[in-house]
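For reference, the structure discussed in these notes is given below.
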Amino acid sequence: MGGGKPGAHGVRLMTPRARGPAALHRVLAALLGLVVAGASWAQADEARAKKIVSGVCFLCHGAEGESSSEMFPRLAGQHWEYTAKQLANFQSGKRKGTAMGDMAAKLTPDEMVALGKYFEKMAVPAEPAKDSDLAAVGKYVYHNGNKYSGVPACAGCHGPQALGTASLPRLAGQYAVYTEAQLKQFSTRERNNDNAVMHTIVGKMTALEIAAVAQYLGAK
Ligand code: HEC
Ligand code: HEC
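Position 36 of the sequence shown, counting from 1, maps to 180 under the numbering used here, and the rest follow consecutively.
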């Protein structure tokens, strides 16, 4: 009987056997495709971020977020969530900046995340404090606060190493000029994105304490 229709039999027998491995291959290929797509997506994001940075951001923040001068904040080592949030806030006007409104105007949310991840990977340059006595006062305030005036320890939120978390900015290695300016702007509410916490804290600080913590953090 097999001799009558070998072809048909052959096909019927072959199909179920072939379907198993073939289906498995398809699933594996699809999974592999997802992994590869994920990897090339990340690569594409990184390439996109690099292109934006070398197109414009580097002028002020440096190609690796080290910053071209103390006029501009360092972005290297900053948590990507914080960087992306600040960019979104500059774009919406929630955070007013001297230059950043225009810079962030055309960025997409994906690009903001990609830029944040690009800068987070970069090494933070370490420089000694210009005024070590001032930095010593800042070290005290940073770790202990000032119990006589109600200033809390910065370390309580920003961490003992000032490395921050996803929702709290890293402060270590930032230029003292920028940190001091931001603290003053929190106090006057010129910096008004999510400033409730910092506004209250800085309101209790003296000019000396502000300059001192900034000096300490710059060399951290
Ligand atoms: C012309 C100089 C200039 C250029 C170019 C520039 N920035 Fe800025 N950026 C600044 C200044 C100045 C600040 C400080 C806030 C302010 O006063 O605007 C800042 C602040 C920031 C901050 C907030 C940092 C913090 O610690 O809160 C981020 C993030 C940022 N810039 C990202 C970028 C990105 C990404 C680009 C490129 C698309 C860029 N900047 C281009 C000058 C510049
Ligand atoms: C109760 C928690 C808390 C404490 C304590 C605290 N901070 Fe902050 N700080 C924050 C939060 C939250 C932000 C982020 C604001 C935002 O998202 O825009 C911030 C932001 C900052 C920034 C802006 C960073 C940047 O890159 O622009 C500086 C500078 C800063 N804090 C310094 C200090 C110093 C100095 C002290 C101690 C005197 C201190 N903070 C104590 C919660 C805290």
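Ideal Cβ positions, reconstructed from N, Cα and C, are used throughout, including at glycine.
Predicted model only: the values in this text are computed from it and were never measured.
Exposure label - Val200; buried when at least 16 CB within 10 Å
exposed
Report buried or exposed for Met145, applying the criterion of at least 16 other Cβ atoms within 10 angstroms of its Cβ.
Note on Met145: pLDDT 40, under 50, position unreliable in the model; the coordinate value appears next. Looking at its Cβ environment, which holds fewer than 16 other Cβ atoms inside 10 Å, Met145 is exposed.
Nearest CA to the CA of Asp338: which residue from Cys204, Ala320 and Pro313?
Pro313
Around the C-beta of Ala207, are 16 or more other C-beta atoms found within 10 angstroms, so that it is buried, or is it exposed?
exposed
If the criterion is Cβ atoms closer than 9 Å, does the pair Gly294 and Ala355 meet it?
no
Under a three-way DSSP split, which group does Glu353 fall into?
helix
Inspect the CB distances between the segment 209 to 222 and the segment 313 to 325 and report whether three or more fall short of 8 Å.
yes
Can you tell me whether Asn290 is helix, strand or coil according to DSSP?
strand
Helix, strand or coil, according to DSSP, for Val295 in the structure here?
strand
Ligand 1 heavy atom lying under 8 Å from the CB of Pro217:
yes
For Thr323, which of helix, strand or coil comes out of DSSP?
helix
Taking the alpha-carbon of Lys229 as reference, which of Ala248, Ser211, Ala186 and Leu327 has the nearest alpha-carbon?
Ala248
By alpha-carbon positions, which one of Glu190, Pro272, Ala297 and Leu361 ends up nearest to Tyr262?
Glu190
Could you spell out where the alpha helix (DSSP H) holding Ala267 opens and where it closes?
Looking at the DSSP string, Ala267 is not in any alpha helix (DSSP H), and its letter there is neither H nor E.
Note the first and the last residue of the continuous alpha helix (DSSP H) segment covering Leu251.
First-last for Leu251: undefined, no H or E at that position.
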